[in-house]
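Reviewing the structure listed below.
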Amino acid sequence: MCGIYGEYFPNTPLSKKEHFLKANDLNTNRGPDMSGYWTNSQCVQLGFRRLSIMDVSENGNQPMVSMHQKYAMVFNGEIYNFISLKEELLSKGYTFKSESDSEVLVNYFESFGIQKTLNVIEGMFAIALYDIANKSISLIRDFAGIKPLFYSYNIGNVVFGSRYDQVAKHKNSIDNAIDQEVLRTYLKMHYIPAPYGILEDTFQVYPGECVNIDSKGKLSKYTYWEFPALSEEDLICDKEEALQFLDSKLKESVKDQLEADVPLGTFLSGGIDSPLVTSYAKSSKDDLKAFTIGSDSKVHDESEDAKTYASLIGVDILLEKMVASDAKKILKDCMSNLQEPFADFSIIPTFELTKNASKSFTVMLSGDGGDELFFGYERFHSVYKNFNFTWLPLRLRYLVYGLDKLLFKNKHLNSCILSNNLSEAHKGLHSRTNTILLEKVFPFIRDVDEKSLPFYEYSEKLTKNQFLHKMRKAEFYGMMQKTLTKVDRMSMANSIEVRVPFLQKKFIEAALKIHPKLSLKKTQKKQILKDLLRKLVSNPPIDNKKRGFSIPLSKWLREDLKKEISKGIFNPFFIKIFGIDEKTLLSVWKEHQKGIKDHKWFLFTIYSLQQWHENLKK
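Take a look at the structure:
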């Protein structure tokens, strides 16, 4: 794992080397072990910071140039099937100086071309590939968006990097205005979805996308992989067949990701997904250790369930406790490592989790992705249970809703039935910000549209299975990206690599063959994964309440973090720059402090924006 950075300037002179290297060193936490640099002295500079995982010798250092000098490359990530790819190259006469996946990757691009390489590789990655002869560059991001890749594009010049601040603070974009549509999207969704950046002319490479800039500075892009369409005729409906299929596929995915020349462990919570990953990892790695974090808030602490799982699986578990008195310091550390506005407050326990894990491990396996693929969120239920009523006129839906509320206390339906579009209702469940309140605090927002997010645009004229699949796709490109952003930024701040077996390409494609009915039942979520876990672990605490790695933010905003958050959101310069109605914001703040309403999401979203803007100007 590492950090990458680069400039491709076909139209203007490159930055001075010393300035370039200073920006490259912003990736030091992502890659503390070495720094690399390559240039053709004409139009491109490539920078690299390395966290040594595979072949920790200097032979694995980047940037790398292919054997026949066709490509120069910097690459952040892991290629899990690189050994089989290497065997293909050896048969074609290629020789290697290292045992690294990087050297295999750049030469596979050279031998087989970009598209074929992207078709066959399994892994997580952000790649910058410079064509030496044609003087063009390709920016490529992995299938699921696990690894970040930002870029700016200005008069044909491109700056790219693993960190958004490498792009935002560069002369190519530092004077760019804030994109008002992206800002509104952030304030509603609490993160900035790909392909957008908060400054104008800054972007993220979309998951499964290749962005190409040719020698004249012309930019083009294409999708080389996208979330597969549902094939209803190929769905596995039989429970036992599905369990056997998932068992083999998840076991294979976990095993693929155990390769490392540094200490490797697993994160273990009290849920379903991480115990599954840990169980399969234990079957291939007998000395496996797991790690978890506890809390001094009993409501949010699931460390006892994690310890129960560790005992049942047969792994040693390392436990650290997070206490409220540390909240202020942890918050500051989190904010300084975000590089862009981001308002999922679970960054706080995630930062502490990865910081403490880094004392013993360099690589960790996590269970992220299971909820999205196997209908693990309550919002799947919330939207789907209204599906059968979408054909009714709105007045009749109001009547049905009222009768259900009167007779059954909304046990069967909810307010989603009143939406003109269930896909919009789904999107709305991803936002914790009231639009009316938002427009009162940020008056200029009223005349600004949100950015288009096509993955939320799906018709109700679908079969039930197709509808569920569209919801799953929206989660994959929506909220899952927020989760992956959180994990990447906080883990890399602590120089630790997190791998996600549920999001290996071949497992994603396998998971979509399982009939939704095996996962999503009337009162159950992820049922097929629960059934699988019961086959692997005797008497698992599956039915205990899932809390995740969370914190009592509402309480902390009134106590431990009160002074820090207040200082940020009421900063006079911030208030002025963003045109905030201070009187309304103060009213919101007082409502939260008095416990009249819980505004934690809205307040934290504003605070993260303020912290990003303050750091941008440093």
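In the numbering used here, the protein residues as written are 26 to 643.
Ideal placement from N, C-alpha and C gives every residue a C-beta, glycine not left out.
Can you list the beta strand (DSSP E) stretches of 3 or more residues lying completely in the region 156 to 206, in chain order? 161 to 166, 175 to 179, 182 to 186
Looking at C-alpha atoms only, which residue of Q506, P479, R209 is the closest neighbour of K495? Taking the sequence shown and counting its residues from 1, the one referred to as residue 495 is at position 470. Checking every option, the nearest Cα to that of K495 belongs to P479.
Considering only their Cβ atoms, is the gap separating I576 from V366 smaller than 8 Å? As a first step, residue 366 must be located in the sequence shown, where it is residue number 341. As a first step, residue 576 must be located in the sequence shown, where it is residue number 551. According to the sequence as given, residue 366 is Pro; it is not Val. Not in contact: P366 and I576 (Cβ atoms no closer than 8 Å).
Starting from Q70, trace the beta strand (DSSP E) both ways and give me its first and last residue. Locating residue 70 in the sequence shown gives position 45, counting from the first residue. Run containing Q70: 69 to 75, per the beta strand (DSSP E) assignment.
What do you get for L378, buried or exposed, if any count of 16 or more other CB atoms within 10 angstroms of its CB means buried? In the sequence shown, residue 378 corresponds to position 353, counting from 1. Buried.
Among V302, D286, V287, which one has its Cα closest to the Cα of L293? As a first step, residue 293 must be located in the sequence shown, where it is residue number 268. Here the closest residue by C-alpha is V302.
Who pairs with D341 in a beta bridge, going by DSSP? Position 316 of the sequence shown, counted from the start, is the residue given in the question as residue 341. Paired residue(s): K314.
Cβ-based neighbour list, E397, same chain, cut-off 6 Å, excluding 5 preceding and 5 following: Taking the sequence shown and counting its residues from 1, the one referred to as residue 397 is at position 372. Within the same chain, E397 has close Cβ partners E500, F501, M505.
Between I342, K332, T460, N52, which lies nearest to G290 when the distance is taken from Cα to Cα? In the sequence shown, residue 290 corresponds to position 265, counting from 1. Considering only alpha carbons, the answer is I342.
Confirm, please, whether the CB-CB distance from V388 to E522 is below 8 Å. Counting from 1 along the sequence shown, the entry for residue 522 is found at position 497. Counting from 1 along the sequence shown, the entry for residue 388 is found at position 363. Taking 8 Å as the Cβ cut-off, E522 and V388 qualify as a contacting pair.
State the Cα-Cα distance for the pair M92 and T120, rounded to the nearest angstrom. Indexing the sequence shown from 1 puts residue 92 at position 67. Indexing the sequence shown from 1 puts residue 120 at position 95. The straight-line gap from Cα to Cα measures roughly 8 Å.
C-alpha gap between G170 and R422, whole angstroms: Here residue 170 refers to the residue found at position 145 when the sequence shown is read from its first residue. Here residue 422 refers to the residue found at position 397 when the sequence shown is read from its first residue. Approximately 38 Å, taken between the alpha carbons.
From K542 to V81, what does the alpha carbon distance come to, in whole angstroms? On the sequence shown, residue 542 is found 517 positions in, with the first residue counted as 1. On the sequence shown, residue 81 is found 56 positions in, with the first residue counted as 1. Distance between the alpha carbons of K542 and V81: 46 Å.
Would you call the region 225 to 241 and the region 176 to 196 touching, i.e. three or more CB-CB distances under 8 Å? yes
Measuring alpha carbon to alpha carbon, tell me which of N201, G102, L283 ends up nearest F168. To locate residue 168, count along the sequence shown from 1; it is residue 143. The shortest C-alpha separation from F168 is found at G102.
Relative to the alpha-carbon of I152, which residue among K643, C235, D226, Y481 has its alpha-carbon at the smallest distance? For this step, residue 152 is matched to residue 127 along the sequence shown. The shortest C-alpha separation from I152 is found at C235.
Would V69 pass as a contact of E128 if the rule is Cβ separation under 8 Å? The residue given as residue 69 occupies position 44 in the sequence shown. The residue given as residue 128 occupies position 103 in the sequence shown. Not a contact, by the Cβ cut-off of 8 Å.
Tell me the rounded alpha-carbon separation between G56 and P173. Locating residue 56 in the sequence shown gives position 31, counting from the first residue. Locating residue 173 in the sequence shown gives position 148, counting from the first residue. Whole-angstrom Cα-Cα distance: 14 Å.
Return the CA-CA distance between E124 and R524, expressed in angstroms with no decimal places. Residue 124 sits at position 99 when you count from the first residue of the sequence shown. Residue 524 sits at position 499 when you count from the first residue of the sequence shown. Each residue's Cα considered, the two are about 20 Å apart.
K357 beta carbon less than 8 Å from that of F412: Taking the first residue of the sequence shown as 1, we reach residue 412 at position 387. Taking the first residue of the sequence shown as 1, we reach residue 357 at position 332. Contact: no.
Look at the Cβ atom of A335, then the Cβ atom of G295, and state whether they are nearer than 8 Å. Position 310 of the sequence shown, counted from the start, is the residue given in the question as residue 335. Position 270 of the sequence shown, counted from the start, is the residue given in the question as residue 295. The answer is no: Cβ separation not under 8 Å.
Can you tell me which of D239, A306, S385 puts its alpha carbon nearest to the alpha carbon of D156? The residue labelled residue 156 in the question sits at position 131 within the sequence shown. Out of D239, A306, S385, D239 has the C-alpha closest to the C-alpha of D156.
Close-in-space but distant-in-sequence residues of the same chain around S383 (CB under 7 Å, 5 per side omitted): As a working mapping, residue 383 is identified with position 358 in the sequence shown. Excluding residues within five positions, the ones whose Cβ falls inside 7 Å are N519, S520, I521.
Quick check: the region 591 to 601 against the region 557 to 571, are there 3 or more CB pairs under 8 Å? no
Give the DSSP-derived three-state secondary structure of R583 in the structure shown. If you number the sequence shown from 1, residue 583 lands on position 558. Reduced to three states, the DSSP call for R583 is helix.
Determine, using beta carbons only, whether G401 and F527 come nearer to each other than 8 Å. On the sequence shown, residue 401 is found 376 positions in, with the first residue counted as 1. On the sequence shown, residue 527 is found 502 positions in, with the first residue counted as 1. No, they are not a contact pair.
With DSSP as the reference, label N101 as helix, strand or coil. The residue you call residue 101 lines up with position 76 of the sequence shown. If DSSP states are grouped into helix, strand and coil, N101 belongs with the strands.
Out of Q529, F100, F414, I199, state which residue places its alpha-carbon closest to the alpha-carbon of H437. Here residue 437 corresponds to residue number 412 of the sequence shown, with the count starting at 1. Nearest C-alpha to H437: F414.
Verify whether the separation of the beta carbon atoms of E589 and K353 is less than 8 Å. Your numbering for residue 589 matches position 564 in the sequence shown. Your numbering for residue 353 matches position 328 in the sequence shown. Yes, Cβ-Cβ distance for E589 and K353 is below 8 Å.
Assuming the contact rule is C-beta atoms closer than 8 Å, S633 and K511 should be a hit. Round their C-beta distance to whole Å, please. As a position in the sequence shown, residue 633 is number 608, starting the count at 1. As a position in the sequence shown, residue 511 is number 486, starting the count at 1. With a Cβ gap of about 12 Å, S633 and K511 do not count as contacting.
Mark W416 as exposed unless 16 or more other C-beta atoms lie within 10 angstroms of its C-beta, in which case mark it buried. On the sequence shown, position 391 is the one that residue 416 refers to. The residue in question, W416, is exposed, as its Cβ has fewer than 16 Cβ neighbours within 10 Å.
Assuming M79 and A285 are in contact, meaning their beta carbons sit under 8 Å apart, how far apart are those beta carbons, in whole angstroms? Your numbering for residue 79 matches position 54 in the sequence shown. Your numbering for residue 285 matches position 260 in the sequence shown. Right, their Cβ atoms sit about 7 Å apart.
Distance, Cα to Cα, E43 vs T53? Within the sequence shown, residue 43 is the residue found at index 18, counting from 1. Within the sequence shown, residue 53 is the residue found at index 28, counting from 1. Distance between the alpha carbons of E43 and T53: 16 Å.
Range covered by the alpha helix (DSSP H) that runs through I355: Within the sequence shown, the letter at position 330 stands for residue 355. Run containing I355: 352 to 361, per the alpha helix (DSSP H) assignment.
Assuming F107 is part of the beta strand (DSSP E), what are its boundary residues? The residue you call residue 107 lines up with position 82 of the sequence shown. Unbroken run through F107 is the alpha helix (DSSP H), 107 to 116; no beta strand (DSSP E).
As an exercise, report each continuous beta strand (DSSP E) stretch of at least 3 residues that is fully enclosed by the region 209 to 253, in chain order. 227 to 229, 234 to 238, 244 to 248
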